[in-house]
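Only one structure is covered here, and it is reproduced in the block below.
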Amino acid sequence: MKSKLWKLLAIFAVLGLVAVGCGDDDDSSSGSASESSSSESSSSESSSSESASSEAAAEEEECELARGVTDDKILFGSSQPMTGNLAALGEQAVLAMEVTRDRINDGGGVNGRMIEFIVQDDAYNPEKTVSNAQYFIEQENVFAIWASIGSATLKAALPLHDESNTPSLFPWAQDLSFYDVNNHPLFFSVNPPAYAQTKGFGNYLVDNFGTDGIKVGLMTINSVDGEQTVQGFKDSTGGDLLTDEQTWERDSTTYGPQILSFIDSGITDVYVGTGDTQFAQFLLEADQLGLDARFWGSTGTISANTIELAGELSEGAYGVNVISSATGDKPGLNEYREAMFAAGAEEAQISTASLLAYTGGLVLEEMLTLAGECLTVESFVAAGESIKNFETGGIMRPLNFSADNHLGNNDVIILQVQDGAWEELVVGQE
Amino acid sequence: MSDNPEIQENALQRAGIPLPKFLKKNHYFGFLGILLIYLLAGTYSQYSQTIMNTIIFAIIGASLIVVFGMAGQLTLGHTIFVAAGVFLSANITTVWSRGLETEIPIAFGVAFLLGLLIGFPSLRVNELYLALATFAVAFVGVQVLFEWKQFSGGGSGKPVGKLELFGYEFSRGPTLVRIALILMLITFWIVGNYQDGRTGRAWNALRTSETAARAVGLPVAWLKILCFAIGGGLAAIGGVLYAHTLRFAIPENYGVSLSIIVVLALIIGGKHRLMGAVLGAAFVKWLPELSRDVQEYEGLIYGGTLIILTLIAPDGLVGMFEWVADRITNARRSEKDGKGDQTSKASSVPLESLFLAPLSSSEPKGNLIVSNAAVSFGGVRAVNGVSFEIPAGGVTGLIGSNGAGKTTLFNAITGHVKGAEGKFVLDGIEISQKPIHTRALAGVGRTFQNLNLHDDLNVLEHALLGLDRNIGYGRIAESFRLPWVLREERNAHYLAAELLDHMDLLEYWDEKVEDLPYGLQKRVDVVRALAANPSILLLDEPAAGLPTAEALEMMKKVQEYANHISAGVLIIEHNVELVADVSDRILVLDAGQTIADGTPEEVTRNEQVIAAYLGT
Amino acid sequence: MVDYIQIAWQGLVSGFAYALIGLALVMVYKTARILNFAAGTMAGISGFLAHWWAAEQDMPFGVAILFAMIMTGAGTYVIERLTVRPLVKLGDFLPIVIMTLGVEEFLANVSLLWWGGTARRYRVPGDIDRINYLIGDFRLNAWHLVVAITTFLTLSIVGYIINQTELGLGMKAFAEDQDAAKLMGIKESTVSIWTWVLSALVGGVTGIVFAPVLFLQQDYMNIIFIKGFVAAILGGFLSLSGGVAGGLLLGELEAFTIKWAPREFAAALPVVIVFIVLLIRPHGLFTREKGHERV
């Protein structure tokens, strides 16, 4: 009796497999067809950019809006570390995105369309980022992925974005490979690669402190950006100044051993590629152990929270940034802070992470405006590439994009903590 | 009816024991799971990523069933095999530009070898310590990946090349899901085959009692290492798929947390069943997927569900379903039992007619020479220079007061005690210094004073475990359930059934041993030892706790069977009447030394014995 | 020479954290045979609570800590009753481990929703965590001294409770032989729950004293928890003093290997050493191996 039941089930199973298998065949052929068409369209984009305006005129009569775009709404997706030890960054970016959305929508939207976005947590796990990307693209039908955080995570998700003709906009991700317009024609950023930042740091160091007696220690994360950080410094200084090279793991609880090693090597300058909390802890432990050197923090360390956490110890620390300090006094920055505080931000959330997302939002608004009524991926990209001398109220220098450069900003700004606030010393370019 | 030899049925049919088939219940459950995913994949292609992840975790879960579910090795290092698959896949597709046909065999092979290596700590440590040892392996594994830049790309990671098979390129998405399902089918089939074969049985046995598994002649050390190798190899297949899903491999993704998640998933699903692997994977992958709309509370929901689930289904989801199913079938069965009659079996049937011929032997075995056996614990010499010889084929009793060193002497002979001195020769082969299972294979069979049975296994499986050495198929054949595997399994089932019949255990064949009354458990212990076809059978207080009549009845059965296979018997027993009744000869131990040796009559009259033992 | 002392001291300070968490884990495992995966997160929440009472409810420093400890104890009491207790009667190790993983996930998310992901500074009176004394070339942080004293006090109190109180005797009885303890009339559920509470309080102290060192951020006690787990195993997992010694040893091991080993192996080396130690002494450094296989 029992065995008969099993046989019956097995027969059903086999029939089911066959049936679904047949159905699936059609699925896959249509899938690959759409894939090939998408690659065609992406290759045609770069050529279309120059004649964008004429094309837009031609399309005016019958316009097929891009996925995620309706007459009154544009939908974005954003994959963020909302849990785990990078949750603070995710929270800050989302806050800045909300500020941007409210500003645009309160002003009546862009070309009559309101901005909306969905946030999904990836806990800085590439597997989740990829799942999130598919969710955004295939279930929520978003227009673009906006302001995601993380190089390792974006590396996994970017192929999916590209294949599905989905722009990747203003992420905080700094791997060199992202900026290649030929491979990633839909990637736009205002955040120069980690490589450029240490290169700028090296140049500034040599210009201002010379090379005599200078011994540099680099402390980088053992992850995607880390090696390029070291390479950037070597390329700017020839590598002679680099005396000690240490790495940290995302889950380290102490930097004591690395600091002791720096003390042993007689380091005069330490560059720490890390986030604000870790930088504060590094300063704390360096003080405890007696490391007497100039401290240089990377983009992630420039926030009000570094000063809050490290207190006095942060005084005199340098920061190597791609953007003005979030706490600085410029029209754009004041607007940013006002909006952030109005949205309920804490002091600690005034940081590079939120400012980068905010600035990306400014450019995004401009791109959407320029793309016009008929918003397609092509018109959007063309609009982006046409942006020249875009003013951000002093947050960055005027931004310029072109068909072979989707990185609008290549500033390297040197900051220093003076009297409990980040002050700009030099604005240079890589 | 069975007392008429002409229309005699074999015991297997009489008890209604199903013969091993090509596909079994487990398979159907597994196939159902796969079917479910296939349907989901076809209908909801927008979920292909989550479906892929579910399949990958189900494959990894199935591989963990081997290591953890069956062999019981709690590992936190499983991620290293997944990582091996991922990075090999990345290298093969980019550096060699080869496709799946190269990736899968190499990933399996490399992970298999890796498993052989990683299995070694499991020989030294157990439970928590093994968890830590494997945790260390995983921890070190990630560091190796970080530093071995050529292979892994270091911290920057490595891209994964195209999805190809024999030079044909496939698009990812639905095709990848289909390929993954086929691989899942294969993995499940292989794991299912182990579950129904001798290796799975052996793994289950060593999980529940390593001591007893050794005593029955199973190569426990090799089996442990093998479970890591096979489990590792299968996990690497999951890794290959993972690589193609993520398209980008970075070392930090393959840390200990991934290990914990896969173990967690399997436990939630149910660690002994393939369906458990599917349900567990579905739980960890779909709960976040389904709670996307309330993203902010996803973690709370996940943790809360985990808590509630553990409260209502502590044995996993499969355990819960099986419990419900058992309730339903039990209700039905008890109705039937009311009118059904227990067919009693006539015990007068000669053993030769009981299909047990393959195990019979006419040449007496079991000539055991013990010279100068000595064992000390700390300063106490529990056995102090005991020498005797047991002639082949006879029954010898071993008596002595508590603490006289009887069980210790047994342990010295079987190898269950470390550092035993002296020389043991069985049928002309020296067995001293050999590991336990080698001695067992040389013909030493034993039972245990405190019943070392395998909880979770049924009575039939205990008999089959004993028969293991008489089952003649290799592990590779077992993996693919080749025709002779089925043939051998069927033969073993016939034999086991007859043996159970002889020992009056047949009607309990599918009872879990822990549910049986004590007397029957004792018999199961004896059956397991007898099934191994020993040359000499060491029985450690087989009658303890049994009424004398029942004990005598059992001993008679044992003796009959021992005669049938011409084995010798050495029996420890406190019940002197019983010993005198069944033994040809009796040895008396006191304070670690033999004080008497002779026929039952001689010994019971010996004054020293009376003073030391019988008198009190 | 000063160099060695400095490194040894740094290792010792990390070791205090591992030792305390190791102790908390061993305590529960020894009496109830339960591995509490939520121990790290629970300790972290104690730290957040102490900060919350002090910084956001304007309580004096000491009172805030007292309140935090009371909440930790009460919370643990409830958690044990609701989640672990119903599973104990099954007598199976794994469901309880999974349960504690579920509790961990749940609590971690409560903490995240309550306090957010941004790191906070846990202020101590007089900012003594920023004061360093110079003794010759040896640098001594004032707060590290407080950590050392607190660790010493905690260990003494735990030692007193175990050796001198009824609860301690009950714990010992259960650690020796569960069945015998039940026969002696000691109530298993009472001993178990107070062991849990005591263990959570030890964890809570750890979370609070290390908050100024690590900053209050989500998950800040998780790595300490893993290291504490390693320490407990190194110590044999059944010996309270072994757990403590294992923690201190692990701290030193880390400090010295990371200092002198090549950078490539530095992170993994302590774990490798523990691994090798375990292969040689499978039952840990501080518990005696059983003489022979039980039959």
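Protein chains in written order, with our numbering: chain A, 2 to 431; chain B, 4 to 619; chain C, 1078 to 1372. We treat Cβ as the ideally placed atom computed from N, Cα and C, and that holds for glycine.
- Ranked by Cα distance from residue 368 (chain B), the first of B:144, B:537 and B:41 is B:537.
- In this structure, residue 1202 (chain C) and residue 1144 (chain C) do not form a Cβ contact; the two beta carbons are roughly 16 Å apart against a cut-off of 8 Å.
- Cα atoms of residue 590 (chain B) and residue 605 (chain B): separation of roughly 11 Å, rounded to the nearest angstrom.
- Between residue 117 (chain A) and residue 156 (chain A), the C-beta gap is not smaller than 8 Å, which leaves the two residues out of contact.
- The C-alpha of residue 20 (chain B) lies about 42 Å from the C-alpha of residue 261 (chain B).
- Spatial neighbours of residue 467 (chain B) in its own chain (CB-CB distance under 7 Å, excluding positions within 5 residues in sequence) are listed in chain order as 204, 495 and 499.
- Remark: C-beta atoms of residue 1114 (chain C) and residue 1155 (chain C) do not approach each other more closely than 8 Å.
- Between residue 135 (chain A) and residue 16 (chain B), the C-beta spacing is not below 8 Å.
- Within the DSSP secondary-structure output, residue 147 (chain A) pairs in a beta bridge with A:170.
- Within the region 1191-1210 of chain C, the residues whose Cβ lies closer than 9 Å to some Cβ of chain A are 1193, 1194, 1195, 1196, 1197, 1198, 1204, 1206, 1207 and 1209, listed in chain order.
- Under the DSSP assignment, residue 166 (chain B) falls outside any beta strand (DSSP E); it carries neither an H nor an E label.
- Closest option to residue 422 (chain B), judged by alpha-carbon separation, among B:291, B:322, B:154 and B:380: B:380.
- Checking the DSSP bridge columns, you'll see residue 256 (chain A) has no partner listed.
- Using a 10 angstroms sphere on the CB of residue 360 (chain A), the tally of other CB atoms reaches 16 or more, which defines it as buried.
- For residue 139 (chain B) and residue 1331 (chain C), the gap between their C-alpha atoms comes out near 14 Å.
- For residue 127 (chain B), the nearest beta carbon of chain C is closer than 8 Å to its own beta carbon.
- Pairwise C-beta distances place the region 508-518 of chain B in contact with the region 458-466 of chain B, as three or more of them are shorter than 8 Å.
- For residue 271 (chain B), the chain C residues whose Cβ falls inside 8 Å of its Cβ are 1175, in order along the chain.
- Contacts between residue 1331 (chain C) and chain B, judged by CB atoms closer than 9 Å, are missing: the closest CB pair is about 13 Å apart.
- Rounded to the nearest whole angstrom, the CA to CA distance from residue 237 (chain B) to residue 66 (chain B) is 5 Å.
- Secondary structure in the region 253-292 of chain A: the alpha helix (DSSP H) runs of 4 residues or longer, each lying completely within the stretch, are 257-265 and 277-290 in chain order.
- Considering only beta carbons, the part of the region 132-143 of chain B lying closer than 7 Å to chain C consists of 132, 135, 136, 139, 142 and 143, in chain order.
- Counting every other CB atom within 10 Å of its CB across the protein chains shown gives residue 1259 (chain C) a total below 16, marking it as exposed.
- Uninterrupted alpha helix (DSSP H) stretches at least 4 residues long and entirely within the region 484-519 of chain B occur at 486-505, given in chain order.
- Looking from the CA of residue 269 (chain B), the closest CA among B:75, B:154, B:158 and B:245 belongs to B:75.
- Per DSSP, residue 551 (chain B) lies in no beta strand (DSSP E); the unbroken alpha helix (DSSP H) holding it starts and ends at 551-567.
- Residue 173 (chain A) places its beta carbon 8 Å or farther from that of residue 89 (chain A).
- Taking C-beta atoms as the reference points, residue 252 (chain B) and residue 163 (chain B) count as a pair closer than 8 Å.
- Along the region 134-164 of chain A, the positions whose C-beta sits under 7 Å from a C-beta of chain B are 135, 136, 139, 140, 153, 156, 157 and 160, read in chain order.
- A straight-line Cα-Cα distance of about 34 Å links residue 304 (chain A) and residue 1333 (chain C).
- For residue 206 (chain B), the enclosing alpha helix (DSSP H) stretches over residues 201-211.
- Using a Cβ-Cβ cut-off of 8 Å, residue 1134 (chain C) does not count as an interface residue toward chain A, since no Cβ of chain A sits closer than that to its own.
- Shown here, residue 188 (chain A) sits in a strand according to DSSP, grouped into three states.
- Under the Cβ criterion of 8 Å, residue 249 (chain B) is counted among the residues facing chain A.
- In chain order, 291, 298, 299, 301 and 302 make up the part of chain B whose C-beta sits under 9 Å from the C-beta of residue 122 (chain A).
- Residue 494 (chain B) is outside the set of residues whose beta carbon lies under 8 Å from a beta carbon in chain A.
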